[in-house]
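Protein chains in written order, with the numbering used here: chain A, 76 to 199; chain B, 76 to 199.
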DNA sequence: CTATTAATGCAACATAGTTGCGTTTATAAA
DNA sequence: TTTATAAACGCAACTATGTTGCATTAATAG
Ligand SMILES: [Mn+2]
Ligand SMILES: [Mn+2]
Ligand SMILES: [Zn+2]
Ligand SMILES: [Zn+2]
C-alpha cells in the first residue's frame with residue numbers, strides 16, 4: 076500500500092471528522108485534490124487496512140468513519156449503532172451502543188447494520 | 076386512492092411473497108404490466124396505506140414487505156430485524172426479533188433500521 | 001538512478017431513484 | 001348511462017451513486 080497524497084488527505088479528513096462521511100462528501104471536501112473514482116478506491120483501501128469502517132445509512136447511502144480498535148490483523152468489529160439526525164443531518168457512531176437480540180435457530184450472522192434516525196442531543 | 080390494476084397486482088405480489096422485494100424485482104415479476112416509475116409510485120402509496128413497509132437492505136437497496144398490524148391509522152411499527160442471506164440472496168422479515176439497546180441521554184429515536192446478513196436456516 | 005507495479009485519471013457504463021408534463025382512466029356526481 | 005374531475009399513469013429526461021477498462025503517472029524497493 077503506497078502512501079499517496081490522496082490517501083494521506085482522505086485518512087486525515089475522516090479520522091479528524093466528528094461525523095461519518097459519504098464518498099461524495101469526501102470528494103467535496105477534498106476540493107479537486109483527486110478524481111472521484113480515486114476517492115472510492117482509497118476509502119476501500121483504508122477500510123482493508125482497518126483504519127476506517129463503513130456502513131449503510133438509513134437512506135441507503137454509504138458512510139465511512141474512523142475505527143478505534145481495528146487493524147489489518149484485528150478484524151473489523153462494528154456492531155455499534157449509527158445515528159442519523161434528521162435536523163442537522165449529522166451521522167455519527169455510537170460506539171457504546173450495541174444492540175442485543177435473539178435469533179431463531181439456524182441463522183448465522185456475519186454482519187450487523189444498526190442505524191437509527193431521529194433527533195440528536197445538539198438539536199433537541 | 077384509486078384501485079388500479081397496477082396497485083392490485085403489486086399488492087398481491089408483495090403480500091404473497093415469502094421474501095422482501097425491491098422495486099426492480101417487483102418490476103421484473105410484473106413483466107411489463109406497468110411502467111417502472113409506476114412501480115415506485117404504487118409502492119409509496121401502499122406504504123402510506125399501511126399495507127406494506129419498507130426498509131434499507133445491508134447493501135443500501137430499498138426493500139418492501141407486507142405489514143401485519145399496520146394501517147393508515149395504526150402507524151407503522153417496524154423495529155424488527157431483517158435478514159439478508161448471502162447464499163440464497165433472500166431478504167426476510169424477522170418479525171419477532173427486535174433489538175434492545177440503551178441510548179445516551181438526549182437522543183430521540185424516530186426510526187430503527189436493523190439489518191443482519193449471514194446464512195439463513197435453509198442454506199445452513 | 002532505474003525498474004516495477006500500485007495508484008491514478010478519464011471516459012464510459014450500470015443501477016437506483018426522481019421529476020415534469022401530457023394522456024389515460026377510476027370514480028363520483030349529474 | 002353519461003360526463004366531469006383529478007388521481008394515476010407513461011414517457012422522456014435527469015440526478016445520484018457506484019463500477020470497470022485501460023492508458024498514464026508516481027511511490028518505492030533494489
Ligand atoms: Mn461507526
Ligand atoms: Mn419487515
Ligand atoms: Zn442534530
Ligand atoms: Zn439462504
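Yeah, the Cβ is synthetic: ideal placement off N, Cα and C, and Gly gets one too. For clarity, every value in this text was computed on a predicted model and none was experimentally measured.
Cutoff 7 Å: residue i Cβ touching any chain A Cβ
i	result
residue 166 of chain B	no
residue 125 of chain B	no
residue 98 of chain B	no
residue 64 of chain B	There is no way to answer for residue 64 of chain B, as the model of chain B reaches only from 76 to 199.
residue 101 of chain B	no
residue 188 of chain B	yes
residue 192 of chain B	yes
Buried versus exposed call for residue i [16 or more other C-beta atoms within 10 Å across all chains shown]
i	result
residue 159 of chain B	buried
residue 86 of chain A	buried
residue 192 of chain A	buried
residue 140 of chain A	buried
residue 185 of chain B	exposed
Close-in-space but distant-in-sequence residues of the same chain around residue i (CB under 7 Å, 5 per side omitted)
i	result
residue 162 of chain B	194, 198
residue 76 of chain B	120, 124
residue 94 of chain A	165, 166, 167
residue 84 of chain B	105, 108
For residue i, the first and last residue of its enclosing beta strand (DSSP E)
i	result
residue 127 of chain B	127 to 131
residue 156 of chain A	156 to 160
residue 191 of chain B	183 to 194
residue 169 of chain B	166 to 169
Cβ-based neighbour list, residue i, same chain, cut-off 8 Å, excluding 5 preceding and 5 following
i	result
residue 88 of chain A	96, 101, 104, 105
residue 131 of chain A	137, 138, 188, 190
residue 115 of chain A	98
Where the alpha helix (DSSP H) through residue i begins and ends
i	result
residue 121 of chain A	111 to 123
residue 99 of chain B	98 to 105
residue 136 of chain A	No alpha helix (DSSP H) holds residue 136 of chain A; DSSP gives it neither H nor E.
residue 108 of chain A	Taken as a continuous stretch (DSSP letters only), residue 108 of chain A belongs to no alpha helix (DSSP H), as it is neither H nor E.
residue 88 of chain A	80 to 91
6 Å Cβ shell around residue i - same chain, five flanking residues per side excluded
i	result
residue 81 of chain A	109, 113, 117
Contact with chain B by residue i, beta-carbon distance below 7 Å
i	result
residue 131 of chain A	yes
residue 185 of chain A	yes
List in chain order the residues whose CB is within less than 6 Å of at least one heavy atom of ligand 6. In the structure on display, ligand 6 does not appear, and the ligands it does have are ligand 1, ligand 2, ligand 3 and ligand 4.
What does the shell around ligand 1 hold, if a residue joins when its beta-carbon is under 5 Å from any heavy atom? Residues flagged by the Cβ proximity filter: A:140, A:168.
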